[in-house]
Each structure stands twice: as C-alpha cells, then as structure tokens.
Amino acid sequence: MKTLEVNTPSRSYPIHIGSGLYERLPRLLEESGWNLRHPLMLVTDSHVGPLYADHVALSLEKAGCTVGQISVPAGESSKTLTRLESMVEDCLQFGLNRTGGILALGGGVIGDLAGFLAASYMRGVPFFQLPTTLLAHDSSVGGKVGVNSRLGKNMIGAFYQPSAVIFDVDTLKTLSKREVSSGYAEVVKHALIWDASFADWLRKNSDSLMDLEPDRVTEAIFRGCRVKADVVSRDERETGLRAILNYGHTLGHALESVAGYGTYTHGEAVAIGMTLASRLGEELGTAVRVFDSTRDLLVDFGLPTRLSPKWSEEELLAAMRRDKKAREGDYTFVLPRSIGSVRVRHSVEESAVRRVLRRLKGEED
Ligand SMILES: NC(=O)c1ccc[n+]([C@@H]2O[C@H](COP(=O)([O-])OP(=O)(O)OC[C@H]3O[C@@H](n4cnc5c(N)ncnc54)[C@H](O)[C@@H]3O)[C@@H](O)[C@H]2O)c1
Ligand SMILES: O=C(O)C(=O)C[C@@H](O)[C@H](O)[C@H](O)COP(=O)(O)O
Ligand SMILES: [Zn+2]
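Residue numbers (the UniProt record's numbering): 1 to 365.
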C-alpha cells in the first residue's frame, strides 16, 4: 500500500492506494479517527454495488459496524438535486444521525453525489471516498462535491473534504475499456499541468497502463494523486492556483451539458477540451509545439481529440460563458505554457475561440 497526505486548512487526510484494501478497511477507518460503533451509509451505483458493496459492508460488519446501503442508477444522470433529496430521505429512514457517516463507493459520480450528501446531511457528517474508477483518483481528492444543473456541470455544490481516500486498485479490473481510457484523461491532465517527466513516463508506458498492469497503474494513480494533493494543499478553495486543475474543462464541461449528460464520459469531454486548449494556446502564443504532443498522448490512451460538427457553436459558447471560472461572462481558459506547465487566462477573444472550435470540428472524419 502507498500512502500520501492531503493537507488543507479545513482537514488533513490520507490517500491510501493498493491491493486488498477492503479487507483492511476497519483498521484504515479507525486510523482516520472513525469509531466503528457508529453507523455508516454506503452509497454506490447499480454497476458497482453488485460487484463490491457486499465485500465492503461485510468487512465492516465483521468489525462490529452497522452499514446501510443506498444504490443509485449508474451514470451522470444521477448527479441531481432530486436524487440527493431522495438519498437524504433514505438516510433519515435508516436512522442516520450526526454520529453517522457516509462511504462513497464508486466512480466520480458517486464521489461527488455522496460527498455532497455528506456535506449537507444534518449540515455535515464525515465521509470516506472509496474510488473504483481510474478517473476517481482525481474526484476523490480535494473536496469538490456537488451535482449538476441542466445548464451547467457541478453548478450546485460545496468544498467538503473526506476523512480518508481508500483506493483499492483491485476494483479496476472490472472497468470497461471505455472507462479505462476515460480515467486516463485526468491522469494525462495532471501530467500536462504540473510534471513534464510524468507526461514522458505516460507516453512510454501507455500500452501497459492501458492493459492495467498492476504496478504501473498504481504508480500512475499515485503520481496523479500527488499532483492533485500538491495543488489542493496550496489552494483548497480555488482562490487562484487550483484553477489549473480545470485544464480542458472550459470546453469539456460545456460539451457535457450541450451534448446531454452521459453522451460523452467526463474524461472524453476533458480530452477534447485539452486538445482545444493546447491549440488555443498555440494560436494565442502562450505556448509553442504543445498541440501535437498533447493530441498524441491522448490518442495513446484511446481518447477522442476531435469535436463533432453536430454540436452547435452558439450553444457551446454560451455554456462556456457560464463556466465557474468566467468573469462577467467572459471566456476563461487554462492554457499551456509548455508540457507540464499551464496558466489561467481570462477574457480570451471570442474570435479566437470560434476559430479553434472550427478547426477542431474541421478535423472530424
Ligand atoms: N470532484 C472532483 O474533483 C471531480 C474530478 C473529476 C471528475 N469529477 C466528476 O466525476 C464524474 C465522472 O467520474 P467517473 O468517470 O468515475 O464516472 P462514473 O462514476 O459514472 O463511473 C463510470 C462508469 O463506470 C462504472 N464503474 C465504476 N467503477 C467500476 C468498476 N470498478 N467496475 C465496473 N464498473 C465501474 C460506473 O457504474 C459508471 O457506469 C463526473 O461527474 C465528473 O464531473 C469530479
Ligand atoms: O478539483 C478541481 O479543482 C478540478 O477542477 C478537478 C476537475 O477534474 C473536476 O472535474 C472538477 O469537478 C471540476 O470542478 P468545477 O469547479 O469546474 O466544477
Ligand atoms: Zn475533471
């Protein structure tokens, strides 16, 4: 097991990454200050639940813990306020009170949704992240929790840190190929924004990483989490630096909402968004020769780098103006400086955004 620490003003907590961690769950929770006499509500989805929920629950019940379960339909469409309200009622019916806590067992959808449940239930109960997708190496760390609005991703939410992140890599073997690729989008993002040598390493090891070779994949998750933990520890609430974690998300989030949640996976949308940002960076002169290497790295991980012409330019632009990073409806992008380094740029000219959107669409087969 490898462990690293996240240190923010509101909470410090460990990220444990390794194999067979569900067997050790009671001990790991206790080490993070959890009292096993208090009840836990395990939140999962309809794909992950049948695979892993009983294993997790049994491991805790053997140690004397009472565990309830909530399962929501798998997929982005569960990240809604309506779903959250019904989960609150499930917790009330179960009898969860302020001594209780929440376990988020699943990918980023479950992490964000169950995390927001924890942040809001009785004004806040502790929660633990048990990520089961590669992508969730990102979502489980840093405390951004929330749900979507029809008009924009994650528009309702909070900063609420978990008490621990326990990433059992054994769960990854049941992921579909599409979800493996999707998860690597955020791993690639962490390399592109922070660590050029990590980007080189990803390029060299892409085949074994796509095959989920255990040591390599653990290393990739560890290095990705390290970037995320470094950034979040310096700027928990996105007053500045943390916005770089949004590389590829200005277009990525717009595309997810315009195309309809679930049409693209989050990782696919971010991959297309990073391709656009790298091209925009070249266009605006913030960087040279980053587009080809960005696109090649994403292609190595089976990710899309083109934008279908069927998505309306006007709708995408309107969604980008609503982005949380935007100031008074401007276009705000995280742009590359070089591979491994990025900067935030506000008030990007609309004409440049339109030009790059069209080039990305023009490359559609
Ligand atoms: N809070 C953050 O900082 C942050 C960071 C990145 C992404 N996100 C959010 O995360 C979400 C995307 O997360 P995701 O890509 O993990 O999506 P997801 O949670 O929908 O999981 C993807 C699919 O894989 C299935 N699945 C999960 N684990 C599995 C396993 N081990 N075996 C088999 N199937 C499994 C799920 O049921 C789902 O169908 C988005 O809503 C995004 O906005 C949040
Ligand atoms: O943790 C962050 O900060 C990120 O930006 C990580 C992103 O990968 C993630 O998708 C996050 O949910 C986006 O946050 P948002 O504030 O743009 O909704
Ligand atoms: Zn993301």
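Ideal placement from N, C-alpha and C gives every residue a C-beta, glycine not left out.
All values derive from a computational prediction rather than experimental measurement.
Could you tell me the alpha carbon to alpha carbon distance between residue i and residue j, rounded to whole angstroms?
i	j	result
V188	R123	36 Å
F116	A158	7 Å
N154	V109	11 Å
L105	I70	10 Å
D45	R27	25 Å
L81	G95	21 Å
T263	E256	7 Å
D138	G224	7 Å
H346	T174	41 Å
P50	I339	41 Å
P14	S32	8 Å
E364	E313	Because the pLDDT of E364 is 40, which lies under 50, any placement of that residue in the model is unreliable, and the number read from its coordinates should be weighed accordingly. Roughly 15 Å separates the two Cα atoms.
D200	T8	29 Å
L280	D90	46 Å
L259	L36	As written in the sequence, residue 259 is Ala, which differs from the Leu given in the question. Roughly 44 Å between the two C-alpha positions.
S10	A57	28 Å
M87	S120	11 Å
V290	A63	52 Å
V353	S149	24 Å
V48	S351	44 Å
M320	K2	38 Å
L317	L212	37 Å
T329	L103	According to the sequence shown, residue 329 is Gly rather than Thr. Whole-angstrom Cα-Cα distance: 37 Å.
Pick helix, strand or coil for residue i, following the three-state DSSP scheme.
i	result
I193	helix
R295	helix
K228	helix
A63	coil
M1	coil
T44	strand
R327	coil
residue 369	As shown, the chain starts at 1 and ends at 365. That puts residue 369 outside it, with no answer to give.
R279	helix
K144	strand
Y13	strand
L25	helix
N7	strand
K173	helix
I166	strand
K153	strand
L202	helix
State buried or exposed for residue i, treating a residue as buried only when at least 16 other CB atoms are found within 10 Å of its CB.
i	result
H112	Residue 112 is actually Asp in this sequence, not His. It counts as buried.
H249	buried
D207	exposed
P309	exposed
L245	buried
Q93	exposed
E179	buried
E30	exposed
T239	exposed
P131	buried
D215	exposed
N97	exposed
E349	exposed
E5	exposed
S133	Looking at the sequence provided, one finds Thr at residue 133 rather than Ser. Its Cβ being crowded by 16 or more others within 10 Å, T133 is buried.
E85	exposed
K177	exposed
Could you name the residues of the same chain whose beta carbon sits closer than 8 Å to that of residue i, not counting the 5 residues immediately before and after it, in chain order?
i	result
R355	E283
R237	F159
A53	L42, T44, Q69, S71, L105
D195	R223, V227, G340
A287	S278, G281, L335, P336, R337, S338
R83	V72, L113, V147
Tell me whether residue i, by its Cβ, gets closer than 7 Å to a heavy atom of ligand 4.
i	result
D138	In the structure on display, ligand 4 does not appear, and the ligands it does have are ligand 1, ligand 2 and ligand 3.
Near residue i, which residues of its chain fall below 6 Å by C-beta distance, leaving aside the five closest residues on each side in sequence?
i	result
T305	T275, R295, L298
R168	The sequence as given places Asp at residue 168; Arg does not occur at that position. Closer than 6 Å at Cβ, skipping near neighbours: L21, Y22.
A185	G267, V270, A271, L303
H253	K153
Residues in its own chain within less than 7 Å of residue i by CB, not counting five upstream and five downstream?
i	result
T99	H38
G142	K228, V232
Y247	K189, L192, I193, M274, A277, V334, V342
S293	I339
R203	L297, D300
Rounded to the nearest angstrom, how far is the Cβ of residue i from that of residue j, given a contact under 8 Å?
i	j	result
T218	I17	6 Å
S181	F301	5 Å
F128	I166	7 Å
K144	A243	About 12 Å; that fails the 8 Å criterion.
G152	R322	5 Å
Does residue i get closer than 8 Å to chain C when you measure Cβ to Cβ?
i	result
I15	Among the protein chains of the structure shown there is no chain C, as only one such chain exists.
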